[in-house]
Structure formats: C-alpha cells, structure tokens
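Right, one structure below, let's go through it.
Residue numbers (this note's numbering): 287 to 542.
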C-alpha cells in the first residue's frame, strides 16, 4: 500500500442496472494511492464483464471529491503498476455511460478522472484546480487530449496554465460540468438519470457512445506530447517541486 495510506480502496456496488464506484479516503480528500489505481482497474474489468450493468456512477465519500494522485508517493519515486492516465483512459472506454457525481473540491488528477466520465453532474459548491505546472509537470498526453476534445483549447489553457481555482459557474459555462443541481437534489437527480439511461436500448446506447467518442476525436501528435510529459518527470523543476513537498516549502524553479 502507498505511503501514509488511510481509508479503504475504492469499492464497487451493483444494484439492479447501476454500478457505483466509490472513492473511500475522505480523511485524505480521496487522494488515490497506487493500490487504488489497481483496484479501480479491477472494478472496471468487473463492470465490463457484467451485462446487467447499464450505467456507472463515480462517487466519493466526504466533502472532497478527489485530490488526485498521492504526491507523497510520487515524491518518494513510487511508481504504480498502472499510471493515473491508464486508469482515466480505461474509464473513458467503459462501454456503458459513466456519470461523475461531483461535490466539493476536484483537484489535480481528480479533474481528469471526472473528465473521463461521459457526464459530470455536481453541486454549486464545486471548485476545481489543476496544479501540474506548479509541480513542474507537463500533464500526460491523453489527459490533455481529453480536456481539449471536451472543453476546447482555450478553457484547457485556462485550467492548466494558471493553476487557479475554477468555480462551478465557470465549469458549467465551458462544458466541464454537464449539469449543476442543488446539493439536496443531487442524489435524486442522479437516480433519475440512471433510471432514464437504464430504460434505453443498451446496444444503441453503447454504439452511440462509441460513435460520439470516435467522431469527436482529433489527431494531435500524442507521441510528442507524451515524450514531453516523460521529460518533465525527469526535469530539475519536477525534482525541485517534489523535494519542496518533502521539505514543506515553496519550490524554487530554475526553468529546466
């Protein structure tokens, strides 16, 4: 298990035609440890192997939805069996519709975990922040591609190049959120959406989801972008950021 692991690995619950994938580290803002990434991949395989499932909701316990990958593990050089991007890519290709049920803060890799879902429904208190540049990283290629495909280059740059906190209002405007509801109505709205989707032709829904994803695809130089991501992992700036995290100080970047 990863460093300072607290809480439990993500759980999968199946009830009727709905599968609930739930993050369970509320005391750590639902950060994801290497063991969590592996468990999510197992759950996605279970979902794909169960023909009774028509819709998946990705949820989290506690006031924070997800704070991304555990930076402490990254700072110590721990490399999981599955990368964070691998998990998000696998989530995006699940054959049935997926819904991210969002509330509180969505931070770091958690932003891409939600973006990998087909729908993102949340409450008005949501805030999002992507600090990749703050820790000396160019984000991995498929994650950047996902953002550009779904909300466009301008909104993606706003999120990644500023590392500022983005409000629910702006997230809805740029298309990151597909719907905002009152917190008191979130559960009922998700139940309603799951019911509506579950009553549709499962074959038509799967084929339509696949067709939309294919038709919305672009053909950037993913290989070059991924090479740059790997180079940023080896950079002095990233090493300095990781050391600063361990020493609990602000990083001193040298533009490497």
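The C-beta atom is built at its ideal place from N, Cα and C for all residues, glycine as well.
Contacting residues, own chain, Cβ-Cβ under 8 Å from residue i (five flanking each side not counted)
| i | result |
| --- | --- |
| residue 304 | 339, 340, 341, 342, 343, 480 and 484 |
| residue 334 | 380 and 381 |
| residue 267 | Only positions 287 to 542 of the chain appear in this structure, which leaves residue 267 out of reach. |
| residue 496 | 381 |
| residue 447 | 419 |
DSSP-derived helix/strand/coil call for residue i
| i | result |
| --- | --- |
| residue 404 | coil |
| residue 343 | strand |
| residue 384 | strand |
| residue 296 | strand |
| residue 421 | helix |
| residue 287 | Per-residue confidence for residue 287 stands at a pLDDT of 31, beneath the threshold of 50, marking its modelled position as unreliable; no derived number is given. |
| residue 470 | helix |
| residue 412 | coil |
| residue 521 | coil |
| residue 506 | Note that residue 506 scores 44 on pLDDT, short of 50, meaning its location in the model is unreliable; the coordinates nonetheless yield the value given after this. Correct three-state label for residue 506: coil. |
| residue 484 | helix |
Boundaries of the beta strand (DSSP E) in which residue i is found, first to last residue
| i | result |
| --- | --- |
| residue 310 | 304-310 |
| residue 430 | Residue 430 -> not in any beta strand (DSSP E); alpha helix (DSSP H) instead, spanning 427-448. |
| residue 391 | 391-393 |
Nearest residue (CA-CA) to residue i, options the options
| i | options | result |
| --- | --- | --- |
| residue 299 | 326, 424, 450 and 470 | 326 |
| residue 420 | 518, 320 and 383 | 518 |
| residue 394 | 449, 334 and 301 | 449 |
| residue 520 | 324, 293 and 424 | 424 |
| residue 472 | 328, 329, 315 and 345 | 345 |
| residue 301 | 336, 503 and 368 | 336 |
| residue 422 | 348, 440, 475 and 537 | 537 |
| residue 459 | 451, 476 and 441 | 441 |
| residue 357 | 295, 316 and 347 | 316 |
| residue 438 | 522, 502 and 293 | 502 |
| residue 352 | 391, 321 and 320 | 391 |
| residue 347 | 306, 482 and 321 | 306 |
Sequence-distant residues of its chain with Cβ nearer than 7 Å to residue i (five each side left out)
| i | result |
| --- | --- |
| residue 478 | none |
| residue 297 | 308 and 310 |
| residue 332 | 298 |
| residue 436 | 401 and 461 |
| residue 406 | 386, 388, 400, 462, 463 and 464 |
| residue 453 | 413 |
| residue 368 | 323, 324 and 327 |
| residue 330 | 376, 377 and 380 |
| residue 457 | 412, 414 and 463 |
| residue 467 | 407, 409 and 475 |
| residue 513 | none |
Other residues of its chain near residue i: CB distance less than 6 Å, five sequence neighbours each side excluded
| i | result |
| --- | --- |
| residue 355 | 318, 370 and 395 |
| residue 384 | 342, 403 and 404 |
| residue 397 | 414 and 416 |
Span of the alpha helix (DSSP H), counted from its first residue to its last, around residue i
| i | result |
| --- | --- |
| residue 467 | That residue, residue 467, is in no alpha helix (DSSP H); its beta strand (DSSP E) goes 465-467. |
| residue 329 | 320-334 |
| residue 501 | 488-501 |
| residue 371 | 370-378 |
| residue 455 | 454-460 |
Below-8 Å beta-carbon distance, residue i vs any chain D residue
| i | result |
| --- | --- |
| residue 442 | Absent from the structure is chain D; it holds one protein chain and no more. |
message: Any contact between the region 305-323 and the region 488-503? By contact I mean 3 or more CB pairs, one from each, below 8 Å.
response: no
- prompt: Do the region 398-417 and the region 366-382 make contact, defined as three or more Cβ pairs closer than 8 Å?
  reply: yes
- prompt: Is there contact between the region 430-438 and the region 520-536, where contact requires at least three CB pairs shorter than 8 Å?
  reply: no
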